[in-house]
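Below: one structure, written as structure tokens.
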């Protein structure tokens, strides 16, 4: 067969655009995270908005809005903070926030990590998100639904700089589920539910895939190898302080600091803390509880560092600081951290008060009636509308949520609009619970951890005798000193406004009047202690698996007297309320683990394997995912782009050389023989092209197109 130069040139001219398009597509596809706008850098595509303001929101809302700092402790028990009455683990910085702010003694949370964080971020019950059962496992290809608008997205629309530090646990198998695609400007932390405090490796907890073990620490989307062998709590504290120090104070800041502490690490090394910190708690005889105390102490120090950094930058005077636990402590059983929920009943992952009544306190100069204990009912989903309200955002079309705006109840001690909390409806575990008014209803299989697990936070001969509680340690903590400085500064400003001059004696007198005193502190501590005033002989047992149970939580917070038989009308009322909630339940999103999540496929890291899998499917002739020696860098955007260009250039060179060597001059047009018949191969290729075109059209029809963006369904 003879091939003319003109024929080859014509073929090349036909093919060249295809190769150019291939190269361009590869560059755009593989670099979409850098070439395309980060979803967090623009407002949500939803039509919902909170604002009637001008387009230039960031300019229009110069720092009148408060900075918002949300600090989450992981698996911290009710009795693991000293402001609830225990002397065993002093938490002076957390206590300083509590006594100077509002102690929230009826703050309800889901019983597990993922559901709790999902409710916080969306303002919805986990039952409406498919997040009501268990947590997102390392190997599960799922996450918090992408059509949900999250708290940082609302705040970003209002001009806030938004930063996430620490634990995510809301999905990562695709980039779209990770923090910088969900409203955060930056992320430093880990994707999964736990990690080793020093190596930052994380082990999957399922029986089938518990040999999946990978590094889990990221800065935005990049693996943060430089954090290896550095203590997690210290890393997250340093990052939070760095963000505060580098923040442009012209704009408000939202800092989401989700600590690992005091959650346990991997099963082979559950509790970890620096030796010098553990040594401070020699009076605790139980070595596990002693290490746990050191973990909580490091957490408390972190709170102090963050508050002090805000004060140094002049940001504390206009800040809201919220400190909460995501759920109760797992005192016993799998992944136990030896935390204490005393005197509450039950532990993490149960609907008893010990699993769902979380440690919570809020401090801000914006709170008009501070230094008090609030027993008004709250739910973690309330924080989305409450914080938006505190920021003064004008709500116009807030999505339908379950959370309620409780800012007036918190700031001015007004009556809370919340009268009920759906604890959970979990049809996989087969239990349900709800609280309405004073009463709480439970039914089904609530597990075996339904007991009162002792006074591990109290002094005894077995546990050792801790030092007596020292109010001055609270007042002289970093948080205590910083807050006192804000109070003094406020009095100076008030004196200026009132007299247009500073009267030092008057300012000092007024400042001292507003300062927290040791006597006030101790009185608040007494009020914050939950007491079980039921005599043992008056206890009425309850087994929710046999029959529904009913408790008066206000008068019986330790759930000792089952009122199901004596209060049948209330029992029936709560059953009807629970049934009403069932109409809004979304099926749980739990799914089978995916073996392609194996970190050994991606250079030993937990990675966004859902995106990498798509890339693998489109380039299967070049790369083989089953080869576990392939580094994750093989699948990086720049690599694919460069390889595509090299491939295209190589083809061009080959075609050119082939033409020069074997081609000949084209015959005149009148000497050419017409080609009327196409080969069978050509016909087959044409038919395949038409078939693929039809499939593409059908695929596009099945895509979700909204506001100019295309989200293809998987």
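Numbering (my numbering), first residue to last: 1101 to 1814.
Where a beta carbon is used, it is the ideal one built from N, C-alpha and C, also for glycine.
Small disclaimer: the values here were computed from a predicted structure and weren't measured.
Would you say the region 1310-1318 touches the region 1699-1716, given that touching needs at least three Cβ pairs under 8 Å? yes
Can you give me the Cβ contacts of residue 1159 inside the same chain, cut-off strictly under 6 Å, excluding the 5 residues immediately before and after it? Translated into the one-based positions of the chain shown, residue 1159 becomes position 59. For residue 1159, the pLDDT reaches just 36, beneath the cut-off of 50, and the residue's location in the model is therefore unreliable, although a value from the coordinates is still provided. Nothing listed; no residue qualifies.
Could you give the residue range of the alpha helix (DSSP H) that holds residue 1649? Mapped onto the chain shown, residue 1649 falls at position 549. Where residue 1649 is concerned, there is no enclosing alpha helix (DSSP H), although the beta strand (DSSP E) it sits in stretches over 1649-1652.
Taking the alpha-carbon of residue 1477 as reference, which of 1372, 1692, 1501, 1536 has the nearest alpha-carbon? Your numbering for residue 1477 matches position 377 in the chain shown. Measuring from the Cα of residue 1477, the nearest candidate turns out to be 1536.
From residue 1573 to residue 1346, what does the alpha carbon distance come to, in whole angstroms? To locate residue 1573, count along the chain shown from 1; it is residue 473. To locate residue 1346, count along the chain shown from 1; it is residue 246. For residue 1573 and residue 1346, the distance between alpha carbons rounds to 30 Å.
Considering residue 1549, what are the terminal residues of the beta strand (DSSP E) in which it resides? In the chain shown, residue 1549 corresponds to position 449, counting from 1. Counting along the chain, residue 1549 falls outside any beta strand (DSSP E), and DSSP gives it neither H nor E.
Residue span of the alpha helix (DSSP H) that contains residue 1392, given as start and end: The residue labelled residue 1392 in the question sits at position 292 within the chain shown. Where residue 1392 is concerned, the enclosing alpha helix (DSSP H) stretches over 1387-1412.
How would you label residue 1622, buried or exposed, when you count the other beta carbons within 10 angstroms and need 16 or more for buried? Translated into the one-based positions of the chain shown, residue 1622 becomes position 522. With fewer than 16 other Cβ atoms within 10 Å, it is exposed.
Specify, as a first and last residue, the run of the alpha helix (DSSP H) that residue 1511 falls within. Counted from its first residue, the chain shown places residue 1511 at position 411. 1507-1511 is the span of the alpha helix (DSSP H), which, as asked, contains residue 1511.
So the alpha helix (DSSP H) residue 1193 belongs to, where does it begin and stop? Along the chain shown, read from residue 1 onward, the residue named residue 1193 stands at position 93. Note, residue 1193: alpha helix (DSSP H), 1192-1200.
Would you say the region 1410-1422 touches the region 1445-1455, given that touching needs at least three Cβ pairs under 8 Å? no
At the level of alpha carbons, what is the spacing between residue 1555 and residue 1439? Reading the chain shown from its first residue, position 455 is the one you call residue 1555. Reading the chain shown from its first residue, position 339 is the one you call residue 1439. So the two alpha carbons sit approximately 11 Å from each other.
Distance CB(residue 1531)-CB(residue 1648) smaller than 8 Å: The residue given as residue 1531 occupies position 431 in the chain shown. The residue given as residue 1648 occupies position 548 in the chain shown. Not a contact, by the Cβ cut-off of 8 Å.
Quick one: any contact between the region 1350-1359 and the region 1244-1261, if contact means 3 or more CB pairs under 8 Å? yes
Take the Cβ of residue 1769 as the centre, count every other Cβ of all protein chains shown within 10 Å, and call the residue buried at 16 or more, exposed below. If you number the chain shown from 1, residue 1769 lands on position 669. Model confidence at residue 1769 stands at a pLDDT of 40, short of 50, so the residue's coordinates are unreliable and nothing is read from them.
On the CB-based measure, 16 or more other CB atoms within 10 Å of its CB, does residue 1238 come out buried or exposed? Reading the chain shown from its first residue, position 138 is the one you call residue 1238. Looking at its Cβ environment, which holds 16 or more other Cβ atoms inside 10 Å, residue 1238 is buried.
Considering only residues of the same chain and omitting the five flanking positions on each side of residue 1436, which have a CB-CB separation below 6 Å? Position 336 of the chain shown, counted from the first residue, corresponds to residue 1436. 1430.
Beta-carbon separation of residue 1243 and residue 1272 under 8 Å? Mapped onto the chain shown, residue 1243 falls at position 143. Mapped onto the chain shown, residue 1272 falls at position 172. Yes, the pair counts as a contact, with Cβ atoms nearer than the cut-off.
Can you tell me where the beta strand (DSSP E) with residue 1269 in it begins and where it stops? Looking up residue 1269 in the chain shown gives position 169. No beta strand (DSSP E) holds residue 1269; DSSP gives it neither H nor E.
Name the two residues that bound the continuous alpha helix (DSSP H) containing residue 1476. Within the chain shown, the letter at position 376 stands for residue 1476. Here residue 1476 belongs to no alpha helix (DSSP H), and DSSP marks it neither H nor E.
Option in 1457, 1185, 1207, 1518 with minimal Cα separation from residue 1569: Taking the chain shown and counting its residues from 1, one reaches residue 1569 at position 469. Of 1457, 1185, 1207, 1518, the residue nearest in Cα terms is 1185.
Smallest Cα separation from residue 1487: which of 1470, 1511, 1471, 1472? As a first step, residue 1487 must be located in the chain shown, where it is residue number 387. Among 1470, 1511, 1471, 1472, the Cα nearest to that of residue 1487 belongs to 1511.
Where does residue 1839 land, buried or exposed, given buried means 16+ other C-beta within 10 angstroms? As displayed, the chain neither begins before 1101 nor continues past 1814, which places residue 1839 out of reach and without an answer.
By the DSSP assignment, the beta strand (DSSP E) with residue 1248 in it spans what residues? Stepping through the chain shown from its first residue, residue 1248 is reached at position 148. Where residue 1248 is concerned, there is no enclosing beta strand (DSSP E), given that its DSSP letter is neither H nor E.
Quick check on DSSP: helix, strand or coil for residue 1152? The residue you call residue 1152 lines up with position 52 of the chain shown. Because residue 1152 sits at a pLDDT of 38, beneath the cut-off of 50, its placement in the model cannot be relied upon, and the point is left open.
Candidates 1702, 1710, 1578: closest to residue 1323 by CA position: On the chain shown, residue 1323 is found 223 positions in, with the first residue counted as 1. Measuring from the Cα of residue 1323, the nearest candidate turns out to be 1702.
Opening and closing residue of the beta strand (DSSP E) in which residue 1539 lies: Taking the first residue of the chain shown as 1, we reach residue 1539 at position 439. Unbroken beta strand (DSSP E) run through residue 1539: 1539-1544.
By alpha-carbon positions, which one of 1388, 1551, 1699, 1166 ends up nearest to residue 1443? By 1-based counting over the chain shown, the position of residue 1443 is 343. When each option's Cα is compared against that of residue 1443, the closest is 1551.
May I ask you to report which of helix, strand or coil DSSP gives residue 1286? If you number the chain shown from 1, residue 1286 lands on position 186. Residue state, collapsed to three classes: strand.
Any 3 or more C-beta pairs closer than 8 Å across the region 1369-1384 and the region 1295-1305: yes
Can you tell me the Cβ-Cβ gap for residue 1661 and residue 1638, rounded? I've got them flagged as a contact below 8 Å. In the chain shown, the residue the question calls residue 1661 occupies position 561. In the chain shown, the residue the question calls residue 1638 occupies position 538. At roughly 6 Å, the Cβ-Cβ gap stays under 8 Å, so residue 1661 and residue 1638 are in contact.
Closest residue to residue 1255 among 1679, 1491, 1506, 1201 (Cα-Cα distance): For this step, residue 1255 is matched to residue 155 along the chain shown. The candidate whose alpha carbon is nearest that of residue 1255 is 1491.
Is it right to say residue 1644 is buried, meaning 16 or more other beta carbons lie within 10 angstroms of its own, or is it exposed? Residue mapping note: residue 1644 aligns to position 544 of the chain shown, counting from 1. Buried, since its Cβ has 16 or more Cβ neighbours within 10 Å.
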